[in-house]
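Asker: Numbering (this note's numbering), first residue to last: 60 to 675.
Every residue, glycine too, gets a C-beta built ideally from N, C-alpha and C.
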Amino acid sequence: MTKTIALLGQPNSGKSTLYNGLTGSHQHVGNWPGKTVEQKEGYFTIDGERYIVADLPGSYSLSAGSQEEEITRDYIASGKADIVCILADASQLRRNLYMLADFAPMRVPAVLILNMMDVAKLQGKSIDTESLSKRLGITVVPFVAADRKKYPELKGILRNEFNNPKKIDTEKLDALCSGAKSEMELANVRFQWIEALLDGVVSGEKKRATLSKADRIFTSRRWGKPFAVAIMLLAFVASMIIAMPLMGLGSFIPRLASPLLHRLMQAGHAAPFLESLAADLIPNVVYFAAAMAGFVVGVTFTFTALEETGFLARISYAFDGTMTKLGLQGKSICPMLMGLGCTIGGAAGARVIDNWGQRILTIMLTWAVPCAAIATVMPTLATIFFGAYGILVMLGIYTYMFFMIFITAKIFGNKLSPAAERTGMLMELPPYHRPRWANVLYTSFAKSWDIFKRALRVIFLISVIFWALSFSSTGRAENSIIYRFGTYIEPVTRFFGLGWQTFIAFLASAVSKEAVLGVLNSLYVGTGDVMTATFLSKTAGASSGNLASVLPEAISKAEALAFMFAVSFNVPCLMAVTATYRETHSLKWTVSIAFYYIASALVLSFIVYHIAALVM
Numbered sequence: 060m061t062k063t064i065a066l067l068g069q070p071n072s073g074k075s076t077l078y079n080g081l082t083g084s085h086q087h088v089g090n091w092p093g094k095t096v097e098q099k100e101g102y103f104t105i106d107g108e109r110y111i112v113a114d115l116p117g118s119y120s121l122s123a124g125s126q127e128e129e130i131t132r133d134y135i136a137s138g139k140a141d142i143v144c145i146l147a148d149a150s151q152l153r154r155n156l157y158m159l160a161d162f163a164p165m166r167v168p169a170v171l172i173l174n175m176m177d178v179a180k181l182q183g184k185s186i187d188t189e190s191l192s193k194r195l196g197i198t199v200v201p202f203v204a205a206d207r208k209k210y211p212e213l214k215g216i217l218r219n220e221f222n223n224p225k226k227i228d229t230e231k232l233d234a235l236c237s238g239a240k241s242e243m244e245l246a247n248v249r250f251q252w253i254e255a256l257l258d259g260v261v262s263g264e265k266k267r268a269t270l271s272k273a274d275r276i277f278t279s280r281r282w283g284k285p286f287a288v289a290i291m292l293l294a295f296v297a298s299m300i301i302a303m304p305l306m307g308l309g310s311f312i313p314r315l316a317s318p319l320l321h322r323l324m325q326a327g328h329a330a331p332f333l334e335s336l337a338a339d340l341i342p343n344v345v346y347f348a349a350a351m352a353g354f355v356v357g358v359t360f361t362f363t364a365l366e367e368t369g370f371l372a373r374i375s376y377a378f379d380g381t382m383t384k385l386g387l388q389g390k391s392i393c394p395m396l397m398g399l400g401c402t403i404g405g406a407a408g409a410r411v412i413d414n415w416g417q418r419i420l421t422i423m424l425t426w427a428v429p430c431a432a433i434a435t436v437m438p439t440l441a442t443i444f445f446g447a448y449g450i451l452v453m454l455g456i457y458t459y460m461f462f463m464i465f466i467t468a469k470i471f472g473n474k475l476s477p478a479a480e481r482t483g484m485l486m487e488l489p490p491y492h493r494p495r496w497a498n499v500l501y502t503s504f505a506k507s508w509d510i511f512k513r514a515l516r517v518i519f520l521i522s523v524i525f526w527a528l529s530f531s532s533t534g535r536a537e538n539s540i541i542y543r544f545g546t547y548i549e550p551v552t553r554f555f556g557l558g559w560q561t562f563i564a565f566l567a568s569a570v571s572k573e574a575v576l577g578v579l580n581s582l583y584v585g586t587g588d589v590m591t592a593t594f595l596s597k598t599a600g601a602s603s604g605n606l607a608s609v610l611p612e613a614i615s616k617a618e619a620l621a622f623m624f625a626v627s628f629n630v631p632c633l634m635a636v637t638a639t640y641r642e643t644h645s646l647k648w649t650v651s652i653a654f655y656y657i658a659s660a661l662v663l664s665f666i667v668y669h670i671a672a673l674v675m
């Protein structure tokens, strides 16, 4: 009979590290039934016996005030878990034990794991776990989740618990709670119970009368935000330093595989479309997935390091007031700034946000931030069409970014992040830690491998569809389905200020922003085909060719301006869509976000074109 262990803990208690340490690579990620909240389940084996580990959503209580809390409470009440492991940060034990006090009346067998005992020791704290165990009536395990050598012993303890499961002794807690008449009174008596529980158990506590120098800066109204931005910029640079070599290695996949596959397919006299599929599309799909995973390694590494050191909580604190106005929390600023480099990184970075609604709203707003590819392609087009005044176009694009963020937050904020469910100001700044690099590396590569496997399937499916539409056996764009489609609907695209060529380039930009110049080159100059321009743009690079002389003759300035704004605020790229689906686990919301950005980009194109046509 399979036995189930549920992990319960507050955010930042180390629950994810514990889950990864227990299950290793034996994990499955999905959605809770009927919900859009991520469900993580894995297992470990001892002597051939399998133990299921369910990672419950992180929450501060079980009051069912949010989707995460409702899921956690319902799962525990259902009896699906044979034992619940309650994780508490030993360095902040009083605050973390509130979850234990909330859980105790549910009368389910439990084990209390005191994580970060090493940090508590560095703070000069001593915790008598035996006395605490006697008072609670359950097993209390001192632990360091980042130390992988500790897991065999922990697994043995958990196995033994199934032979003698214990429930928390709630006699004193029940007596205190019986007189509470409101939620506030109930919270107060629970904290009283925690104080009595820890009396004589924790010694050597040092009360900090003043903030550290760093915390005085972080909490300063004048210097808090600039200091936080400086740290985030350093984190962004670190992410790119890690990610770029990995992404560069991935680019060798199509460069090495494509010529070899072309020779093999030609030797076998394969049909042109099969040769293109095997030699052009598939190697580039693998590269797209590998590049995405490589970028996620860099982002996850820096975000995990920031979280472990305690800096992420302080950055969140500095921006909490600002982000609350958008229906978000302070943590949302990090993914949004990361989006300036790559939207994939912004989407991946949003996983540090505990509330699911705020996480998806953060990702949605991150899509509005022009990425590095936009910062590369758009100045080229701006210079071609507007010369020295191109800088004003770029200024307009980045100015509109703020409006897009604001209007998107207003449209979706109340639905995704209702006021009653918003996670706001942090109540307590965690102590500074030295990051455990082995854990940071393990987390980074484990998440990236999982993302690579999932991204490969999604990218392949969408890429095959676009490849089929843009493939031409003669290598000429006019022989492709997408060409015929574009010319057929040009009367409609003209309504938005786009000719059929710029409209096809607009569609291609949703696959890769780097594809824009190549597709325009293919359609206007006549060199190459749309499929090659789209899928080989990242590895072969996009050349402007003769565009500088051809485009100003073929496209009006009004259409060019409309096209540039439409592309800048279109779906970022295929990999960003995949990353969004990976982080939200919701096909419905991923498609909704993509549709919203395509529709809003076309509306923006319509407005820009008709205004520009009047003044240019």
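So what does DSSP say about residue 63, is it helix, strand or coil?
Answerer: As a position in the sequence shown, residue 63 is number 4, starting the count at 1. The answer is strand: DSSP assigns residue 63 an E or B state.
Asker: Quick check for students: name the residue ranges of the beta strand (DSSP E) that lie wholly in the stretch 434 to 504, counting only runs of 3 or more.
Answerer: Entirely contained in the stretch 434 to 504, not one beta strand (DSSP E) run reaches 3 residues.
Asker: Note down the Cα distance separating residue 174 from residue 74, rounded to an integer number of angstroms.
Answerer: Here residue 174 is taken as the residue at index 115 of the sequence shown, counted from 1. Here residue 74 is taken as the residue at index 15 of the sequence shown, counted from 1. If you take the alpha carbons of residue 174 and residue 74, they lie about 9 Å apart.
Asker: In the DSSP assignment, find the unbroken alpha helix (DSSP H) run with residue 115 in it and report its ends.
Answerer: Taking the first residue of the sequence shown as 1, we reach residue 115 at position 56. Residue 115 -> no alpha helix (DSSP H), and no H or E assigned at all.
Asker: Pull up the DSSP beta-bridge partners for residue 393, would you.
Answerer: To locate residue 393, count along the sequence shown from 1; it is residue 334. Residue 393 pairs with nothing; no bridge assigned.
Asker: Starting from residue 174, trace the beta strand (DSSP E) both ways and give me its first and last residue.
Answerer: Translated into the one-based positions of the sequence shown, residue 174 becomes position 115. Note, residue 174: beta strand (DSSP E), 169 to 174.
Asker: Would you decide whether residue 328 is buried or exposed? Buried here means 16 or more other CB atoms lie within 10 Å of its CB.
Answerer: Counted from its first residue, the sequence shown places residue 328 at position 269. Looking at its Cβ environment, which holds fewer than 16 other Cβ atoms inside 10 Å, residue 328 is exposed.
Asker: Can the beta-carbon of residue 344 be found less than 8 Å from the beta-carbon of residue 305?
Answerer: Reading the sequence shown from its first residue, position 285 is the one you call residue 344. Reading the sequence shown from its first residue, position 246 is the one you call residue 305. Taking 8 Å as the Cβ cut-off, residue 344 and residue 305 do not qualify as a contacting pair.
Asker: Any heavy atom of the ligand FAD inside 7 Å of the beta-carbon of residue 633?
Answerer: The ligand FAD is absent from the structure shown, which contains no ligands of any kind.
Asker: What's the call for residue 325, buried or exposed, on a 16-neighbour Cβ count within 10 Å?
Answerer: Residue 325 sits at position 266 when you count from the first residue of the sequence shown. Per the 10 Å Cβ criterion, exposed.
Asker: Mapping DSSP to helix, strand and coil, what is residue 546?
Answerer: As a working mapping, residue 546 is identified with position 487 in the sequence shown. Helix, per DSSP.
Asker: According to DSSP, simplified to helix, strand and coil, what is residue 147?
Answerer: Position 88 of the sequence shown, counted from the first residue, corresponds to residue 147. Of the three classes helix, strand and coil, the one that applies to residue 147 here is strand, per DSSP.
Asker: So residue 734 and residue 109 are in contact, right, with Cβ under 8 Å, and what is the actual spacing, rounded?
Answerer: The displayed coordinates of the chain run from 60 to 675. Any statement about residue 734 would go beyond what the structure contains.
Asker: From residue 334 to residue 315, what distance separates their C-alpha atoms?
Answerer: For the purposes of this step, residue 334 is taken as residue 275 along the sequence shown, with counting starting at 1. For the purposes of this step, residue 315 is taken as residue 256 along the sequence shown, with counting starting at 1. Approximately 16 Å, taken between the alpha carbons.
Asker: State the Cα-Cα distance for the pair residue 604 and residue 435, rounded to the nearest angstrom.
Answerer: In the sequence shown, the residue the question calls residue 604 occupies position 545. In the sequence shown, the residue the question calls residue 435 occupies position 376. Low confidence applies here, because residue 604 scores a pLDDT of 48, under 50, leaving its location unreliable; read the following figure in that light. The straight-line gap from Cα to Cα measures roughly 16 Å.
Asker: With which residues is residue 262 paired in a DSSP beta bridge?
Answerer: Here the question's residue 262 lines up with position 203 in the sequence shown. Residue 262 is bridged to 185.
Asker: On a CA-only basis, which of 652, 367, 629 and 377 is nearest residue 72? Give me that one, please.
Answerer: To locate residue 72, count along the sequence shown from 1; it is residue 13. Residue 367 is the option with its Cα nearest to residue 72.
Asker: So residue 232 and residue 136 are in contact, right, with Cβ under 8 Å, and what is the actual spacing, rounded?
Answerer: Position 173 of the sequence shown, counted from the start, is the residue given in the question as residue 232. Position 77 of the sequence shown, counted from the start, is the residue given in the question as residue 136. No, residue 232 and residue 136 are not in contact; Cβ-Cβ is about 18 Å, not under 8 Å.
Asker: Looking at C-alpha atoms only, which residue of 153, 214, 655 and 255 is the closest neighbour of residue 229?
Answerer: Within the sequence shown, residue 229 is the residue found at index 170, counting from 1. Residue 229 has its Cα closest to that of 255, out of 153, 214, 655 and 255.
Asker: Exposed or buried, which one is residue 211 when buried takes at least 16 other CB atoms within 10 Å?
Answerer: Walking along the sequence shown from the start, residue 211 turns up at place 152. Exposed: under 16 other Cβ atoms inside 10 Å.
Asker: Out of 205, 575 and 257, which has the shortest C-alpha to C-alpha gap to residue 193?
Answerer: Residue mapping note: residue 193 aligns to position 134 of the sequence shown, counting from 1. Of the candidates 205, 575 and 257, the one whose C-alpha sits nearest the C-alpha of residue 193 is 257.
Asker: Below 6 Å CB to CB, which residues in the same chain sit around residue 330 once its five sequence neighbours on both sides are set aside?
Answerer: By 1-based counting over the sequence shown, the position of residue 330 is 271. There are no such residues.
Asker: Which residue spans inside the stretch 276 to 316 form an unbroken alpha helix (DSSP H) run of at least 4?
Answerer: DSSP runs (the alpha helix (DSSP H)) wholly in the stretch 276 to 316: 283 to 309.
Asker: Going by DSSP in three states, residue 523 sits in which element: helix, strand or coil?
Answerer: As a first step, residue 523 is located in the sequence shown; it is residue number 464 there, counting from the start. Helix, per DSSP.
Asker: Taking only three categories from DSSP, how would you classify residue 735?
Answerer: No statement about residue 735 is possible, as the shown extent of the chain runs from 60 to 675 and does not include it.
Asker: Once DSSP output is grouped into helix, strand and coil, what is the label at residue 248?
Answerer: Counting from one through the sequence shown, the residue named residue 248 turns up at place 189. Residue state, collapsed to three classes: helix.
Asker: Check for me: the alpha helix (DSSP H) holding residue 201 runs from which residue to which?
Answerer: The count along the sequence shown starts at 1 and reaches residue 201 at position 142. It is not in any alpha helix (DSSP H) - residue 201 instead sits in the beta strand (DSSP E) that spans 198 to 201.
Asker: Taking the Cβ atom as the reference point for each residue, do residue 225 and residue 188 lie within a distance shorter than 8 Å?
Answerer: As a first step, residue 225 must be located in the sequence shown, where it is residue number 166. As a first step, residue 188 must be located in the sequence shown, where it is residue number 129. The answer is no: Cβ separation not under 8 Å.
Asker: If you run the structure through DSSP and keep just helix, strand and coil, what is residue 99?
Answerer: Translated into positions along the sequence shown, residue 99 becomes position 40. Strand.
Asker: Rounding to the nearest angstrom, what Cα-Cα distance links residue 675 and residue 556 in this structure?
Answerer: As a first step, residue 675 is located in the sequence shown; it is residue number 616 there, counting from the start. As a first step, residue 556 is located in the sequence shown; it is residue number 497 there, counting from the start. For residue 675 and residue 556, the distance between alpha carbons rounds to 14 Å.
Asker: Whose C-beta lies closer than 6 Å to the C-beta of residue 377 among residues of the same chain, with five residues either side of it excluded?
Answerer: For the purposes of this step, residue 377 is taken as residue 318 along the sequence shown, with counting starting at 1. 277, 283, 284 and 287.
Asker: Is residue 403 closer than 8 Å to residue 427 when the C-beta atoms are compared?
Answerer: Translated into the one-based positions of the sequence shown, residue 427 becomes position 368. Translated into the one-based positions of the sequence shown, residue 403 becomes position 344. Cβ distance not < 8 Å, so residue 427 and residue 403 don't count as in contact.
Asker: May I have the straight-line CA-CA distance separating residue 178 from residue 502, to the nearest angstrom?
Answerer: Counted from its first residue, the sequence shown places residue 178 at position 119. Counted from its first residue, the sequence shown places residue 502 at position 443. If you take the alpha carbons of residue 178 and residue 502, they lie about 20 Å apart.
Asker: With a threshold of 16 other CB atoms inside 10 Å of the CB of residue 470, please say whether the residue is buried or exposed.
Answerer: Walking along the sequence shown from the start, residue 470 turns up at place 411. Flag for residue 470 reads exposed.
Asker: Would you say the stretch 615 to 629 touches the stretch 403 to 413, given that touching needs at least three Cβ pairs under 8 Å?
Answerer: No, the stretch 615 to 629 is not in contact with the stretch 403 to 413.
Asker: Go through its chain and collect everything with a Cβ distance to residue 656's Cβ below 7 Å, but skip five positions before and after it.
Answerer: Against the sequence shown, residue 656 aligns to sequence position 597. Cβ neighbours of residue 656 beyond the five flanking positions: 426, 628, 629 and 630.
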